[in-house]
Amino acid sequence: MRWRLPLLLAACLAAATGCGNHALDQAQRAALQEIGAQLPRPYRDGLVVESVHRDGDELVLVIRSAEITVAMAKARPAVFDALRDDEQAAMQALCADPLFAPLHAAGGGVRRHFVDADGAVFFDATLKASDCLSP
């Protein structure tokens, strides 16, 4: 009798994961294919969009700095904070990008993941689907 509850829970979990958001999955796959075909590519100010992958409902763009390290950025916190704020504000422009429109419509988000040459994380800038909805 005790084995039935774990078995029932496992079956319910398997059924629930099989019923994911098909529109989101398709939108992510299409964006991954289009963006991935263009990588690596320059981003701005010596940064490079190195890769793209899915993380749950988000599409993650990995952006690398080959010249500035996290330690260097920590030495100039005001400059670093201004850059982070600027990048977060720039995320809003993705709402108007036709490549991301199906992703947002399906409930997906976009994250820019900034790292240094060694892979240490500077910060993430995120855009949720709800950030793109018209008031």
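First residue of the sequence shown: 1152, per my numbering; consecutive thereafter. Ideal Cβ positions, reconstructed from N, Cα and C, are used throughout, including at glycine.
Item                                                                                                          : Value
Residues near glutamine 1239 in its chain [Cβ-Cβ closer than 6 angstroms; skip 5 each side]                   : Ala1276
Length of the line joining the Cα atoms of aspartate 1282 and methionine 1242                                 : 10 angstroms
Cutoff 6 angstroms; reference histidine 1264; Cβ partners in own chain excluding five residues on either side : Val1211, Val1213 and Asp1275
Contact between the region 1245-1254 and the region 1189-1201 (3+ Cβ pairs under 8 angstroms)                 : no
Range covered by the beta strand (DSSP E) that runs through isoleucine 1219                                   : Per DSSP, isoleucine 1219 belongs to no beta strand (DSSP E) and is neither H nor E.
DSSP-derived helix/strand/coil call for methionine 1269                                                       : The identity of residue 1269 in the sequence shown is aspartate, whereas the question assumes methionine. Here aspartate 1269 sits in coil by DSSP.
Local conformation of alanine 1226 per DSSP, three classes                                                    : coil
Local conformation of leucine 1198 per DSSP, three classes                                                    : strand
For glutamine 1179, the first and last residue of its enclosing alpha helix (DSSP H)                          : 1173-1187
Leucine 1183 versus phenylalanine 1231 - alpha carbon distance                                                : 29 angstroms
DSSP state of leucine 1210 mapped onto helix, strand, coil                                                    : strand
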